[in-house]
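Below is one structure, written out as structure tokens; the observations come after it.
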Amino acid sequence: MRDDAFLPLLLGTRAPESAQPMPPGRAALEFPDLDAPPARPAPAPPVPQPDPAPDREAETAALIEIAREAGFAEGLAEGERRGCEAEAARREAGLDGLLAATLSQVDTALARMRAEAAEQAEAFALLLLRSLDLALPLAAAREAPAMLERLLQLLGPVTEAPAGAVLRVPPVLLEQARARLDGTGLTVEADPALPPGDARISWRGGGLALVLAERRAAIREAMASLGFTDEEIPS
1 MRDDAFLPLL
11 LGTRAPESAQ
21 PMPPGRAALE
31 FPDLDAPPAR
41 PAPAPPVPQP
51 DPAPDREAET
61 AALIEIAREA
71 GFAEGLAEGE
81 RRGCEAEAAR
91 REAGLDGLLA
101 ATLSQVDTAL
111 ARMRAEAAEQ
121 AEAFALLLLR
131 SLDLALPLAA
141 AREAPAMLER
151 LLQLLGPVTE
161 APAGAVLRVP
171 PVLLEQARAR
181 LDGTGLTVEA
191 DPALPPGDAR
201 ISWRGGGLAL
211 VLAERRAAIR
221 EAMASLGFTD
231 EEIPS
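For the sequence shown, the tail end lands on 235 under the UniProt record's numbering, and the numbers increase by one without skipping.
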């Protein structure tokens, strides 16, 4: 279409020709609608509201509350810790006291047991001493022949006895001594002053003796060396 073809159309004197089909491959031209009312401008974006002023009192109160809660929790934890330490110290002190009391009781019991054991040992020793002391005369009478033999052994062969030697024995031992020394030439006499268990052989300027009292004294001395004595036992 020629350019002057648009003139009658613009002047309204000519009917618009039918639109020719657009050749394939060409884009259609779009013209603005000059008769259309002007478009309304887009509304302006809303103006953002300014942030409200911070409430300093509320913030301060909140901080105080947080600090108070933190302080309360810290104080509670500290109180619990100190309480646990105090309880542990109290229990330890109680255990120490109990241990000390127990050890004291044990020491007292041991001391009492030692004292009782010492008393019992002493009583037993004294009983033994009395028994031996009482049994010696009986044993001496029973063992008189054996003691006579020991006396003769100490003396030596009776044939070597000094001239004039005389053996003195308790009356109960006279017959046994004479029978034992028959034919030796040794004079045997009874001496009522000699207790059972004693014997004495004497000659001019000397002699030998078996004395029960000396043996009892030796026993007392041995017991005394162990710390046991009894003044009531007769000598």
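Every residue gets a Cβ at the ideal spot worked out from N, C-alpha and C, and that includes glycine.
Note that the coordinates shown come from a computational prediction; the quantities given were computed from them, not determined experimentally.
Is the CB-CB distance between residue i and residue j below 9 Å?
i	j	result
R168	A146	no
A170	G206	Sequence check: residue 170 is Pro here, not Ala. No. Outside cutoff.
V166	T184	no
What are the residues that DSSP puts in a beta bridge with residue i?
i	result
R204	R204 is not bridged to any residue.
L167	V188 and I201
A209	R200
Excluding five sequence neighbours on each side, which residues of the same chain lie with their C-beta closer than 7 Å to the C-beta of residue i?
i	result
V47	none
G164	W203 and R204
E78	none
Smallest Cα separation from residue i: which of the options?
i	options	result
A177	D198, P162, P37 and T102	D198
P192	R114, A88 and L173	L173
For residue i, I'd like the list of residues in its chain whose CB is within less than 8 Å of its CB, leaving aside the five on either flank, ordered along the chain.
i	result
E221	none
Between which residues of its own chain and residue i is the CB-CB distance below 6 Å, once the five residues before and five after are set aside?
i	result
P234	Bear in mind that the predicted position of P234 carries a pLDDT of just 45, short of 50, making it too unreliable to give a figure here.
G94	none
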